[in-house]
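Each remark here refers to the structure printed beneath this line.
Have a look at this one:
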């Protein structure tokens, strides 16, 4: 098996950015989900509620991130403020009025602010699926998400009709694998020269039912996942990874199953 795609999401919930090479830190892929929108109460604002975020394109540049048609984001120097994401109390540094105004116009609401994750290792992971010292920042749960082409192919066969693209699941790593859902059973893998633990499967939400091109919400893939991949009250697709070391991964890297 080999890596077919690598993706980062500089601003959480915006379009993925395909890359040929990604630096791996213990908290995730460098540049992934370092920016996040929050509301007036400091709670995260994502594409689950604001589908238009899925249309925002970003371009990594040497000193930060450029929003296509919008401002350039550079690491802000202000004091951090309290924010809340996935039931966790975190800290984010406000990006400033230019970025805030741009997103407010996009979303048609006056209460959103953009914040920078100054410490991407500020949040401890669920101890049931991690080890002491494992950390992340603005990700939904764990540092890295991996999906396979074999699993997507099986899902699309179950659905029938027009196949769904992998972007619906927003993985960081896409592996070219023939066996559907083999990743359910992985415990440890090596991508190139970097080892990862497989923390758990990814439980999927209604955000996967939004077409990122049209922003139309449908029933798939949740309807079909609920028929074939539902247990413990959730639907599952892909796996969460925790890096065991720093390094770099590349499109074309070999993927080895260690356990």
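Numbering (UniProt numbering), first residue to last: 1 to 259. By construction, the Cβ of each residue, glycine as well, lies at the ideal position given by its N, Cα and C atoms. These numbers were taken from a predicted model, which means no experiment stands behind them.
Outcome for residue 5 when other beta-carbon atoms lying within 10 angstroms are tallied against a minimum of 16: buried
C-beta atoms of residue 17 and residue 73 nearer than 9 Å: no
Local conformation of residue 16 per DSSP, three classes: coil
Close-in-space but distant-in-sequence residues of the same chain around residue 76 (CB under 7 Å, 5 per side omitted): 93, 94, 95, 96 and 116
Coarse secondary structure for residue 151, derived from DSSP in three states: helix
Three-pair Cβ contact test at 8 Å for the region 96–105 versus the region 161–178: no
Selected residue, minimal CA-CA separation from residue 158, among 248, 53, 243 and 223: 223
In chain order, each beta strand (DSSP E) run of at least 3 residues that lies wholly inside the region 86–154: 88–94, 113–116 and 144–148
Beta-carbon proximity check, residue 190 vs residue 196, cutoff 9 Å: yes
Delimiting residues of the alpha helix (DSSP H) encompassing residue 55: Residue 55 -> no alpha helix (DSSP H), and no H or E assigned at all.
Per-residue DSSP class, three states only, for residue 27: coil
Buried or exposed (CB count within 10 angstroms, at least 16 for buried), residue 125: buried
contact_flag[the region 221–238, the region 193–207] where n(CB pairs < 8 Å) is 3 or more: yes
First through last residue of the beta strand (DSSP E) which encompasses residue 235: 234–243
Backbone CA spacing between residue 46 and residue 250 [nearest angstrom]: 28 Å
Rounded straight-line distance, which links the Cα of residue 25 to that of residue 38: 25 Å
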